[in-house]
Amino acid sequence: MFTIDFGRDAREFERAMQTFGRDAKWAAVVATNKVAGMVKERLTAELPSIFDRPTPFTMRSMFVRRASMAKLFAEVGFKDFAAKGTPATKYLRPQVDGGPRRAKRFERLLQSAGILPSGWFAMPGDNAELDAFGNMSRGQLTKALSHIRSFAADRGQNRSQTRKSRGKRRKEQYFAAKPGNPGLAPGIYKRAGAKGRDAQPVLFFVRKAPTYHKRFPFDRITMAVAKQHLAPEFRAALEQAVATSRAKGFRR
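Here full-length UniProt numbering is used: position 56 in the sequence shown is 56, and no number is missing along the way.
(1) What does DSSP give as the partner residues of Tyr174 in its beta bridges?
(2) Looking at the unbroken alpha helix (DSSP H) that takes in Pro54, where does it start and where does it end?
(3) May I have the straight-line CA-CA distance separating Tyr91 from Gln18, to the nearest angstrom?
(4) According to the neighbour-count rule (16 or more other Cβ atoms, all chains shown, within 10 Å of its Cβ), is Ala83 buried or exposed?
(5) Nearest-angstrom Cα distance between Glu239 and Met123?
(6) Considering Cα atoms alone, identify which of Asp80, Ala237 and Arg101 is closest to Ala209.
(7) Could you have a look at Ser137 and say whether DSSP puts it in helix, strand or coil?
(8) Using DSSP's beta-bridge definition, name the partner residues of Ser118.
(9) First and last residue of the alpha helix (DSSP H) that includes Met1?
(10) Using beta-carbon positions only, say whether Val30 and Ile4 come within less than 7 Å of one another.
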């Protein structure tokens, strides 16, 4: 979160307060809120050049907490609430600060189903179906979960390996290979080839969290916009406030 105020260059504001009083305070609120809006617009405009096909949710990830006469500063940051899915601050903040990413929603789903080991992460394989935004296809993930759960249910009932049950399992296109499997790396695979004997990787399971490099210059952008626009916007708002007060014969 970035705070926009006159703390870094308060001299002009303090002089204006001594001369114009409430008009200066009102002008500070107007200028701060206008610059906060500029910062939000600039940050949002940068997203497509930094992230590969950002989703509409990501493009709406910024918020502005406005200044008021009782609070002479505004704040710009990532939303920390989402009715569904992962809040923007959880997956965008690592792009600003760098470091390991947190578990994604589909990874938590795989963990709750007992497919992905706790503390592990999932990386797309060559046969992962990605949506228009480069994310794991929900349809493929749902189908894979259904097939894997069906296979586990069959095993849990200790059914004999009749020709009928083996044929049913071959039709279940997806299966999971857990850590310790001697033939396949941990992950989710799709059956292919004659009689479904080939395994195509959809997801790989890895112990180490994927690491993000600092890609989103959030602080640099916000500071540059504030430095360029805050003082001029304050002067323009102050001029308007003083003119309005004089026309009405009073000060704010």
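Beta carbons are placed, not taken as given, at the ideal position from N, Cα and C, and that holds for glycine.
Taking the coordinates as given:
(1) Counting from 1 along the sequence shown, the entry for residue 174 is found at position 174. When DSSP reads this structure, Tyr174 sits in a beta bridge with Lys190.
(2) To locate residue 54, count along the sequence shown from 1; it is residue 54. Segment: none, Pro54 is in no alpha helix (DSSP H) and carries neither H nor E.
(3) Indexing the sequence shown from 1 puts residue 91 at position 91. Indexing the sequence shown from 1 puts residue 18 at position 18. Taking the straight line joining both Cα atoms gives about 45 Å.
(4) Numbered from 1 along the sequence shown, position 83 holds the residue referred to as residue 83. The residue in question, Ala83, is exposed, as its Cβ has fewer than 16 Cβ neighbours within 10 Å.
(5) On the sequence shown, residue 239 is found 239 positions in, with the first residue counted as 1. On the sequence shown, residue 123 is found 123 positions in, with the first residue counted as 1. For Glu239 and Met123, the distance between alpha carbons rounds to 57 Å.
(6) By 1-based counting over the sequence shown, the position of residue 209 is 209. Residue Arg101 is the option with its Cα nearest to Ala209.
(7) As a first step, residue 137 is located in the sequence shown; it is residue number 137 there, counting from the start. Coil, per DSSP.
(8) Numbered from its first residue, the sequence shown carries residue 118 at position 118. According to DSSP, Ser118 bridges with nothing at all.
(9) Position 1 of the sequence shown holds residue 1. Element bounds for Met1: n/a, residue is neither H nor E.
(10) To locate residue 30, count along the sequence shown from 1; it is residue 30. To locate residue 4, count along the sequence shown from 1; it is residue 4. In this structure, the beta-carbon distance from Val30 to Ile4 does not fall below 7 Å.
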